[in-house]
Each structure stands twice: as structure tokens, then as C-alpha cells.
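Peer 1:
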Amino acid sequence: MSRITSVRTSDVRFPTSLDLSGSDAVNVDPDYSAAYVEVATDSGERGYGLVFTCGRGNEIITAAMDSYGALLIGQDTDELVNNLGDASKRLIHDSQMRWLGPEKGVSHMACGGLINALWDIRARRENKPLWLLLSEMPVEELVSAVDFTHISNALTPQDATDLLQRGQEGKQERIAELRQNGYPAYTTTPGWLGYSDEKLVRLSKEAVADGFGMIKLKVAGSIADDRRRLSLAREAVGPNVRIAIDANQRWEEQDAIDWVNQLQDFNPYWIEEPTSTDDILAHAAIRKAVHPVKVATGEAVQSRIIFKQLLQAGAIDIMQIDSTRVAGVNENIANLLLAAKFETPVCPHAGGVGLCELVQHFSFFDYAAITGTMEDRVIEFVDHLHEHFAEPVIVTGGRYQAPKRPGVGAEMLDASTTRWTFPAGAGWQELNAR
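Each residue of the sequence shown is one higher than the last, beginning at 1 in my numbering.
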């Protein structure tokens, strides 16, 4: 019998603030970071997970993972990874730790990092990438992985079963198609707010040349700047490439309505995070007022319960799940099923550190075994920091290629975690010595 023997965390940070990669109207100088965790067993198995942050505070997530990880030490590995629904609940609903949330914020994300590491062990055992593991998992086991607490008034276990049963038809053909052709992507690489106009134009043209049918620009600095930048981007990509815009929750409700309507000239496809992701009624009002621009949100939505309400209220056109904001694989299965129930496309948030590597699996799974469609569905792509991962994403011709390596995609290279561990890593020591 195998048991969990250690949970080891690392505070890994990259100095992206130096060139303003990742900059927007709210996150003006991020150092993209990963609270990274390795779960080890006495049989030599390893599972990896991470939580993305913007730098300062990354150590808070690692400390929380250390605390939750103590609940796993000594536990039967087989019992955990063969019943991942129960394993998830053990962490999230611990009778004392849950007071820190419940099911939101640092504690919830920390649980997600550990839960993903357990799924990583399971996927490695079955020698499958996560998307294929989920796609080939029995319907009953997938349903058992979902916590229906506080969402059963919108999605019942029977609803989930019905959706997944319908997804079985043609599944093998779709898996083969994904292996052959991948999944459509869009890129945010040109659109960071701190980039010069020249860089915006150059990267926008490169995106089109690389096969992307959509780019995204950060907005909400000033209306004059946004109109200038959108004009430049639209001229660079032409009329047939979609341009999404992202305000990173900067606005109040009326500000969002007024601002987006002043940008309608440039035909934005969606406005992302126009206001606080907790303000469901404001999203609904904004959606009504800025039509035909779509409203998208999700990267900061803290749980399936908020997603449920956004969908029930008709507040969003696009659901943007994030692989590390909620409590891991289990909760994102719930989110995908909620979106399918409400016939809402899922276009995952990525970028960050490892977010592309992780979240791609959910879109592949969604197409293979839930919705069976890619219509109006794309995965975000940002072209940085992939070289630090054991299996970096591959995006060619504007499409994600299907991951092949067993696991969830979170494993980082030892050389990278050693060099960029904060503050003692050699990379940080060299920067501080300048």
C-alpha cells in the first residue's frame, strides 16, 4: 500500500515586470509567479500542481499549500487517487480549515494546487494526459468527482450524467480529430497595456501571420489611448480578425457601459472582466447595454457557485475558466458542465505561468466528451515562460496541439524552479546584484 510521504512547495517567480509582459490597467507591473507543489509517495510516485500569482503574495499561497498538504501526509495514495471526488472534499471541507474561505480565495486556490497534483498522479498511473484521462473516464466516475453542493438548483447529478452520456456519441472520432488538428487559440501577446504602439502593431501582424483568428488587447488606461490602440490593431489585423478587449475589473457598471460603447467603432468581439467578477447584476446590466459586444469573465471567479449565478442571471456570453483559480480539476469539471447546461461557450483564461499548459486539457476534454463543438470557442495563448515546463504547449497555425505527456501539465523543469525560487535562486541573486 502506497502512502503520501511529503508535500514540498516552492515559491517560483519570474521578473516579467522588467519588460511589462502581463501588464494591464490593474496589474501594472506583475512578476509572473507559481506557487509550485510536488506531492510524493513512498512508492516513488510524484504529482505536480501549481497556482499562478502576480508576484508578491506568492509565499502566502505556498504557506497555505503547506498547511493543507499536512492533511495528506500518511494518507493512502490509492484511496485518494481512485476517489478524487472524496479526496477533493477532504481538503476543501476540512472542518477547521474551511473557515478560511469557505471555497474562495487563497485557501481555495491552495486546495486546487494539491488536488491537481493528485490528479497528476492518477493520470501518470494511467499513462494518459489529463484531457484523455477525463475523456475516457466512465461517466459515473466523472459525476462522482463533482461537488454539487450549492449548484444542484442549476445542475443536478442527473443533468451531469445526461450531458456526459450524450457526449459519448462520436467521442472517439473527436479524440482522433483533436490529435490530428488540435484546438483553436487566440493570443493576448500583442495586447499588454505597457507595450509601445510599434510593438502592438508588429505583434498584431505577427499573430495574423501565425494563423490566429483573434487577438486580445488590454484596455481601461484612458479612453483616448484605448481608441488609438484599437485603431492601430484593427488596421494591423484587418476586418476579419476578431479583437477582444479586457478591462481586468477596472470599471464601475456605468463606466463600463459608457467606455465600451465608445469603442464600438472598432468592432470588439467581447469585453472581458468589465467590472468585479462578484457583481453578477452589474454584468447582466452591462451585457444588455453593450450588445452586440459579448461579455466574458471567469479568470477571477472564485467558485462554481459564482459561475452558476452568472449563468442563471444571463450575465455572460462567454465563460472563462481558469485552471488554478478554483479548486482544481474537480471544480472545473463542474464549471464545464454548468456551461454546457446553459449552452454557454467556454474560452479559458491562460497566459500566466503554466496556465496554458494546464487549461488546454479542459477545452480538449470539453470537445471530446461534453459539448462536441468548437464553435465560438478558443483557448487563450500567451507566448512566454513555456520553456520552464516539462511539456511546453505547442501552438501551430493558431491552434493548440494535443498534449501527449501523461499528467496535468504542471511539472516544471528542476533547473527553472531552482534558478527562479524567490528570493534565494540564482536568477534573483543576479538581478539584485546589478
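C-beta: ideal position from N, C-alpha, C; glycine also.
Name the two residues that bound the continuous alpha helix (DSSP H) containing threonine 371.
Peer 2: Here residue 371 refers to the residue found at position 371 of the sequence shown. Here threonine 371 belongs to no alpha helix (DSSP H), and DSSP marks it neither H nor E.
Peer 1: Give me the Cα-Cα distance between methionine 137 and arginine 229, rounded to the nearest whole angstrom.
Peer 2: Here residue 137 corresponds to residue number 137 of the sequence shown, with the count starting at 1. Here residue 229 corresponds to residue number 229 of the sequence shown, with the count starting at 1. Between methionine 137 and arginine 229, the C-alpha separation is close to 46 Å.
Peer 1: Where DSSP assigns a beta bridge to tyrosine 36, which residues make up the other side?
Peer 2: As a working mapping, residue 36 is identified with position 36 in the sequence shown. In DSSP, tyrosine 36 forms a bridge with Ser10, Leu50.
Peer 1: Leaving out five residues on either side along the sequence, give the residues of the same chain with a beta carbon under 8 Å from the beta carbon of serine 67.
Peer 2: For this step, residue 67 is matched to residue 67 along the sequence shown. Only Met97, Ala110 meet the Cβ criterion.
Peer 1: Using only CA atoms, which one of Glu411, Asn432, Gly397, Thr417 lies nearest to glutamine 180?
Peer 2: Indexing the sequence shown from 1 puts residue 180 at position 180. Checking every option, the nearest Cα to that of glutamine 180 belongs to Gly397.
Peer 1: For isoleucine 60, which of Leu163, Gly44, Thr188, Ser33 has the nearest alpha-carbon?
Peer 2: The residue you call residue 60 lines up with position 60 of the sequence shown. Answer by Cα proximity: Ser33.
Peer 1: Look at the alpha carbon of asparagine 82 and the alpha carbon of valine 146, and state the distance between them as a whole number of angstroms.
Peer 2: Position 82 of the sequence shown, counting from 1, holds the residue named residue 82. Position 146 of the sequence shown, counting from 1, holds the residue named residue 146. So the alpha carbons of these two residues sit roughly 14 Å apart.
Peer 1: Taking the beta carbon of proline 157 as the centre, do at least 16 other beta carbons fall within 10 Å, making it buried, or is it exposed?
Peer 2: For this step, residue 157 is matched to residue 157 along the sequence shown. Under this definition proline 157 is an exposed residue.
Peer 1: Taking contact to mean at least 3 C-beta pairs separated by less than 8 Å, is the stretch 31 to 51 in contact with the stretch 283 to 291?
Peer 2: Cβ pair count under 8 Å is below three, so no.
Peer 1: Can you give me the C-alpha to C-alpha distance between glutamine 249 and methionine 1, rounded to a whole angstrom?
Peer 2: As a working note, residue 249 is residue 249 in the sequence shown. As a working note, residue 1 is residue 1 in the sequence shown. If I take the Cα positions, the gap works out to 48 Å.
Peer 1: Is alanine 340 near threonine 371, with beta carbons less than 9 Å apart?
Peer 2: In the sequence shown, the residue the question calls residue 340 occupies position 340. In the sequence shown, the residue the question calls residue 371 occupies position 371. A contact, by the Cβ cut-off of 9 Å.
Peer 1: May I have the straight-line CA-CA distance separating alanine 327 from glutamate 103, to the nearest angstrom?
Peer 2: Mapped onto the sequence shown, residue 327 falls at position 327. Mapped onto the sequence shown, residue 103 falls at position 103. Straight-line Cα distance between these residues: approximately 8 Å.
Peer 1: Could you tell me whether any Cβ in chain B is nearer than 9 Å to the Cβ of leucine 72?
Peer 2: No chain B appears in the structure shown, which is made up of a single protein chain.
Peer 1: Which complete alpha helix (DSSP H) runs does the stretch 221 to 292 hold, if anything under 4 residues is left out?
Peer 2: Listed in chain order, they are 223 to 237, 253 to 261, 280 to 290.
Peer 1: Alpha carbon to alpha carbon, how far is valine 143 from alanine 160?
Peer 2: As a first step, residue 143 is located in the sequence shown; it is residue number 143 there, counting from the start. As a first step, residue 160 is located in the sequence shown; it is residue number 160 there, counting from the start. In a straight line, the C-alpha of valine 143 is about 7 Å away from that of alanine 160.
Peer 1: Using only CA atoms, which one of Leu163, Val12, Ala315, Val241 lies nearest to leucine 338?
Peer 2: For the purposes of this step, residue 338 is taken as residue 338 along the sequence shown, with counting starting at 1. Comparing Cα positions, the closest option is Leu163.
Peer 1: I'd like the ranges of any alpha helix (DSSP H) spanning at least 4 consecutive residues and lying wholly in the stretch 325 to 386.
Peer 2: Counting whole runs of 4 or more residues, the stretch 325 to 386 contains the alpha helix (DSSP H) stretches 328 to 341, 355 to 365.
Peer 1: Can you tell me where the alpha helix (DSSP H) with leucine 444 in it begins and where it stops?
Peer 2: Absent from the model: residue 444. The displayed extent of the chain is 1 to 434, so no value can be given.
Peer 1: With a cut-off of 8 Å, do at least 3 Cβ pairs link the stretch 241 to 256 to the stretch 214 to 227?
Peer 2: Output reads yes: the stretch 214 to 227 touches the stretch 241 to 256.
Peer 1: What residues in its chain sit with their C-beta under 8 Å from that of leucine 442, if we drop five residues either side in the sequence?
Peer 2: Because the chain is modelled from 1 through 434, residue 442 falls outside the range shown and cannot be assessed.
Peer 1: What three-state label does DSSP hand isoleucine 215 in the structure shown?
Peer 2: Sequence index remark: in the sequence shown, residue 215 carries index 215 (1-based). Reduced to three states, the DSSP call for isoleucine 215 is strand.
Peer 1: Beta-carbon within less than 8 Å of tryptophan 270's beta-carbon, same chain only, minus the 5 sequence neighbours each way: which residues are those?
Peer 2: For this step, residue 270 is matched to residue 270 along the sequence shown. Excluding sequence neighbours, tryptophan 270 sits near Ala244, Ile245, Val293, Lys294, Val295, Ala296, Asp317, Ile318.
Peer 1: Where does threonine 149 fall in DSSP's three states?
Peer 2: On the sequence shown, residue 149 is found 149 positions in, with the first residue counted as 1. In the structure shown, threonine 149 sits in coil (DSSP, three-state: anything other than H, G, I, E or B).
Peer 1: Please classify arginine 3: does DSSP put it in a helix, a strand, or coil?
Peer 2: Position 3 of the sequence shown, counted from the start, is the residue given in the question as residue 3. Here arginine 3 sits in strand by DSSP.
Peer 1: Could you please give the first and the last residue of the uninterrupted beta strand (DSSP E) stretch that includes lysine 294?
Peer 2: Here residue 294 corresponds to residue number 294 of the sequence shown, with the count starting at 1. Segment 294 to 297, the beta strand (DSSP E) holding lysine 294.
Peer 1: Which whole-angstrom value is the C-beta distance of histidine 349 and aspartate 322, which I expect to be below 8 Å?
Peer 2: Counting from one through the sequence shown, the residue named residue 349 turns up at place 349. Counting from one through the sequence shown, the residue named residue 322 turns up at place 322. That belief holds up - the Cβ atoms of histidine 349 and aspartate 322 are roughly 5 Å apart, short of 8 Å.
Peer 1: Below 6 Å CB to CB, which residues in the same chain sit around isoleucine 394 once its five sequence neighbours on both sides are set aside?
Peer 2: Along the sequence shown, read from residue 1 onward, the residue named residue 394 stands at position 394. The residues are Gln401.
Peer 1: So, are the CB atoms of leucine 84 and phenylalanine 364 less than 9 Å apart?
Peer 2: For the purposes of this step, residue 84 is identified with residue 84 of the sequence shown, where counting begins at 1. For the purposes of this step, residue 364 is identified with residue 364 of the sequence shown, where counting begins at 1. Result no, Cβ atoms of leucine 84 and phenylalanine 364 do not sit closer than 9 Å.
Peer 1: Would a C-beta distance cut-off of 9 Å place proline 392 and proline 129 closer than the cut-off?
Peer 2: As a working note, residue 392 is residue 392 in the sequence shown. As a working note, residue 129 is residue 129 in the sequence shown. Against a cut-off of 9 Å, the Cβ pair of proline 129 and proline 392 comes out as no contact.
Peer 1: Considering just the uninterrupted stretch of the alpha helix (DSSP H) at phenylalanine 68, what are its terminal residues?
Peer 2: Stepping through the sequence shown from its first residue, residue 68 is reached at position 68. Going by the sequence as given, residue 68 is tyrosine instead of phenylalanine. From DSSP, the alpha helix (DSSP H) with tyrosine 68 extends over 58 to 69.
Peer 1: Considering only C-alpha positions, which residue in the set Phe52, Ile257, Phe422, Leu263 is nearest to aspartate 226?
Peer 2: By one-based count along the sequence shown, residue 226 stands at place 226. When each option's Cα is compared against that of aspartate 226, the closest is Leu263.
Peer 1: Could you tell me how far apart the beta carbons of threonine 324 and glycine 113 are, in whole angstroms, since I believe they sit closer than 8 Å?
Peer 2: Along the sequence shown, read from residue 1 onward, the residue named residue 324 stands at position 324. Along the sequence shown, read from residue 1 onward, the residue named residue 113 stands at position 113. Yes, they are in contact, since the Cβ atoms of threonine 324 and glycine 113 sit about 7 Å apart, within 8 Å.
Peer 1: Could you compute how far the alpha carbon of valine 359 sits from the alpha carbon of leucine 18?
Peer 2: Within the sequence shown, the letter at position 359 stands for residue 359. Within the sequence shown, the letter at position 18 stands for residue 18. Between valine 359 and leucine 18, the C-alpha separation is close to 26 Å.
Peer 1: According to DSSP, simplified to helix, strand and coil, what is threonine 418?
Peer 2: Numbered from 1 along the sequence shown, position 418 holds the residue referred to as residue 418. Reduced to three states, the DSSP call for threonine 418 is helix.
Peer 1: With DSSP collapsed to three states, give me the class of threonine 188.
Peer 2: Your numbering for residue 188 matches position 188 in the sequence shown. Threonine 188 falls in the coil class under three-state DSSP.
Peer 1: May I ask which residues mark the beginning and end of the alpha helix (DSSP H) holding phenylalanine 307?
Peer 2: Taking the sequence shown and counting its residues from 1, one reaches residue 307 at position 307. Per DSSP, phenylalanine 307 belongs to the alpha helix (DSSP H) from 304 to 312.
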